[in-house]
Every structure is written in C-alpha cells, then in structure tokens.
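Visitor: Each residue of the sequence shown is one higher than the one before, starting from 1 at the first, in UniProt numbering.
The beta-carbon is built from N, C-alpha and C at its ideal position, and this holds for glycine as well.
My questions all concern the structure below.
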Amino acid sequence: RNELIARYIKLRTGKTRTRKQVSSHIQVLARRKAREIQVKLKVRYDQAAKDKALQSMATMSSAQIISPTAFQNKMALQGLSRPAYPTAGGFWHGTIPAQTGGHEDIKPFSQQSYAMQASGPTPITGYESTAGLSMSPGAPPWQGRSIASSKLRMLEFSAFLEQPQDSETFNKHLFVHIGQSNPSYSDAYLESVDIRQIYDKFPEKKGGLKELFDKGPHNAFFLVKFWADLSVNLQDDNSFFYGVSSQYESSESMNITSSTKVCSFGKQVVEKVETEYARFENGRYVFRIHRSPLCEYMINFIHKLKHLPEKYMMNSVLENFTILQDKDLDGVNSQREEEEEEEEE
1 RNELIARYIK
11 LRTGKTRTRK
21 QVSSHIQVLA
31 RRKAREIQVK
41 LKVRYDQAAK
51 DKALQSMATM
61 SSAQIISPTA
71 FQNKMALQGL
81 SRPAYPTAGG
91 FWHGTIPAQT
101 GGHEDIKPFS
111 QQSYAMQASG
121 PTPITGYEST
131 AGLSMSPGAP
141 PWQGRSIASS
151 KLRMLEFSAF
161 LEQPQDSETF
171 NKHLFVHIGQ
181 SNPSYSDAYL
191 ESVDIRQIYD
201 KFPEKKGGLK
211 ELFDKGPHNA
221 FFLVKFWADL
231 SVNLQDDNSF
241 FYGVSSQYES
251 SESMNITSST
261 KVCSFGKQVV
271 EKVETEYARF
281 ENGRYVFRIH
291 RSPLCEYMIN
301 FIHKLKHLPE
311 KYMMNSVLEN
321 FTILQDKDLD
331 GVNSQREEEE
341 EEEEE
C-alpha cells in the first residue's frame, strides 16, 4: 500500500518518498483525523455511542482511520448508521482542479452492507465513496472481503516446482501460494486503489488493462501483490516440473476462458489462454486448472532471477514484473480481472 502511495506522489508531484516516510505521514494524518472525529462525536452522539465509537477506533490502524471506506465500514458494524463527520468526501477536500473525467477506484464490489447519507464536498475524481450504497442482507461474508465478484470466487492459486526424488516421490516447492480465505462479517472490506497508479505497469494496446477496465464491470478487478519464495536449489533438469494450479467456484454453470499475460516494464512478453469447465460439487460449480505447465519464458525468468547476486537486484527486477489475468465468463463482457505483482522475499 505504501509503495502505491509513494508511486502516486511521484506521478502527481515528481517528489520521491520512501515507504517509511509515507508510513510516518499516515500516522500524523491519523492522529489529526482522530482528534477531529473525537470532537464531532461529542457534538453528534450520546455518551454510550461515543464510547462505542472510540473503542472501535482504538482497534483500527492509522491507515484505516484515514481511509474513508475502512472507517465507514468499521463504524457501520458498530451500529452507527450515519458518519460522525460530514461524509467520506470530507477526507479528500473536494475535487482536484484540472482533473476531470477520471476512472473509479478498483472496487471489489460495487455495493456495501450499509447505507450512508451523502452530503458535503465532492469526493476526489477517481475515488468512489461508499455513500448511498447497500448490499442484500443475504450476501455471503466473503463478498467485498476476498478476491471474488458476484459470479466468481477464487479459492486457491499456486505456482510451484516439483523435483523428483525417486520413481514414486518428489519434493514440491511453492513459489507463490494464495490460499482460500473465509472472512466473517466483522472483517474489514478490501482496500481500494486508484487504477491510474498502475496503468503504466500493464499493456496499453488492445486487450490491455485500461481497455478491460473501461468495459467493466469495475467491481470485478483486483490488484494482488505478493512475495515469491525463491529459496530453492534450481538445476537444469528435464525431470523438474514447473506448474500452476488454480481453483474457483460459482453458483452458475459456465465455461471460463482464462487469459494470462506476463508483462515486463508494462509490455506484454507472453500470453497463455486456457479454458476451464464447470464441475458440480457439493451444491456449487467448481473450476480447476491442475498442474498447468509453466511456459519456457517463465522458467528461464526464474532461473535468471535466482542467479542474481543480491536480493535487492531481484526486487528491482520484480518491481517492473506484472501479470495480467482476465477471466472471461462464457465469452460475455463479465470478466474478472486480476493483476498480480511479484516481489522476492
């Protein structure tokens, strides 16, 4: 998160800020915002409601306090149906001059589980407040809190290496593993990211991130940043198997066309297209890609990365390495977009 903020500052102002500087500034803003909210709580609520809100604030991080979405979610779960400050827009102090038309935030879902009254300043262009949104009472807890849309939910994703030990056994090393999450209603919603901050990390031509996002739906796009574990002994051995496995679920039966584009410095270098077919299991439809072979480009990339002498060099390379994955459901315009950016641990 702090890297994205520093990147945004660089793009907007030309000034360089480290992650530590961003973190310190967030803490300063959080203390200031907390004082402002405490003053407004004294005016708008009785003592019991005020104590409840202050107790909830004490469990929040600095980033959550200054985030309109996270703060509103937390307050709503505490039973405060109206914000203790004018609106989420108050965090952004109006629209930036000369900034028109921008794109909405990446939102995991377009709806939230509560309603807020909208008033006050206009939110910054490119940020979508949660004002006036509502979600059906029967919505599952993972909606808005995990990598999922209303039609498709990711259960697991992994990239791995299998090294045979003998004719019957092998060692399995996970480069990347994203496991199934089971969030509850009390968990915070996913954070939003201004998509303009990452446009240059993905292709701009036909089928690129911007074109896909413009087509929408906006609430089906996710940015995933994770660590890659390279603590494994790599050899040029034809018996080694490099692969990817993934699993998704849905309440609907359909075919999914999955396009995975590997990008370096924003340019596409290779693409793989696969089709996933539905299997009905335990009352829902499951889509699996099991042990799909990793392409030669990625295998060579991993070997070259592993042979770099210093870890900071690996991180520098991976900072400009991204993956754009598009899930096209039955060929209609309802794809779920997942952008993955890797760093070496």
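#1: List in chain order: all unbroken alpha helix (DSSP H) runs of 4+ residues lying wholly within the stretch 201 to 263.
#2: Quick one: give me the first and last residue of the beta strand (DSSP E) that Lys327 is part of.
#3: Does Met60 come out as helix, strand or coil in the three-state DSSP assignment?
#4: Between Arg145 and Ile37, what straight-line distance do the alpha-carbon atoms span, to the nearest angstrom?
#5: Return the CA-CA distance between Trp227 and Thr18, expressed in angstroms with no decimal places.
#6: Is it the case that the Cβ atoms of Lys210 and Cys263 are separated by a distance below 8 Å?
#7: In or out: Pro164 buried (at least 16 other Cβ within 10 Å) or exposed?
#8: Taking the alpha carbon of Ser149 as the reference point, which residue from Ser251, Leu234 and Phe170 has its own alpha carbon closest?
#9: Distance check for Glu310 and Asn320, CA to CA, integer angstroms please.
#10: Reducing DSSP to helix, strand and coil, say where Phe175 ends up.
#11: For Val273, which residues from the same chain have a beta carbon less than 6 Å from its beta carbon, with the 5 sequence-adjacent residues on both sides left out?
#12: Can the beta-carbon of Ala278 be found less than 8 Å from the beta-carbon of Phe265?
#13: According to the Cβ coordinates, are Phe175 and Phe160 closer than 8 Å?
#14: Taking C-beta to C-beta, are Val269 and Tyr297 nearer than 8 Å?
#15: Taking 7 Å as the cut-off, is the C-beta of Glu204 nearer than that to any heavy atom in the ligand ADP?
#16: Indicate whether Ser245 and Arg291 have their beta-carbon atoms separated by less than 8 Å.
#17: Let me know the secondary structure DSSP gives Arg35 once reduced to three states.
Guide: So, from the listed chains and residues:
#1: Listed in chain order, the complete alpha helix (DSSP H) runs (minimum 4 residues) inside the stretch 201 to 263 are 209 to 215.
#2: The continuous beta strand (DSSP E) containing Lys327 extends over residues Phe321 to Leu329.
#3: In the displayed model, Met60 falls within coil according to three-state DSSP, outside both helix and strand.
#4: In this structure, the alpha-carbon of Arg145 lies about 26 Å from that of Ile37.
#5: Rounded to the nearest angstrom, the gap between the Cα atoms of Trp227 and Thr18 is 19 Å.
#6: For the 8 Å CB-CB criterion, Lys210 and Cys263 do not form a contact.
#7: The C-beta of Pro164 has fewer than 16 other C-beta atoms within 10 Å across all chains shown, which makes the residue exposed.
#8: Among Ser251, Leu234 and Phe170, the Cα nearest to that of Ser149 is on Ser251.
#9: One C-alpha to the other measures close to 17 Å.
#10: In the structure shown, Phe175 sits in a strand (DSSP, three-state: E or B).
#11: Closer than 6 Å at Cβ, skipping near neighbours: Ser259.
#12: Taking 8 Å as the cut-off, the Cβ atoms of Ala278 and Phe265 do not count as close.
#13: Going by C-beta atoms, Phe175 is nearer than 8 Å to Phe160.
#14: Against a cut-off of 8 Å, the Cβ pair of Tyr297 and Val269 comes out as a contact.
#15: Although the ligand ADP was asked about, the structure shown includes no ligands whatsoever.
#16: Contact flag set, yes.
#17: Note: Arg35 maps to helix in three-state DSSP.
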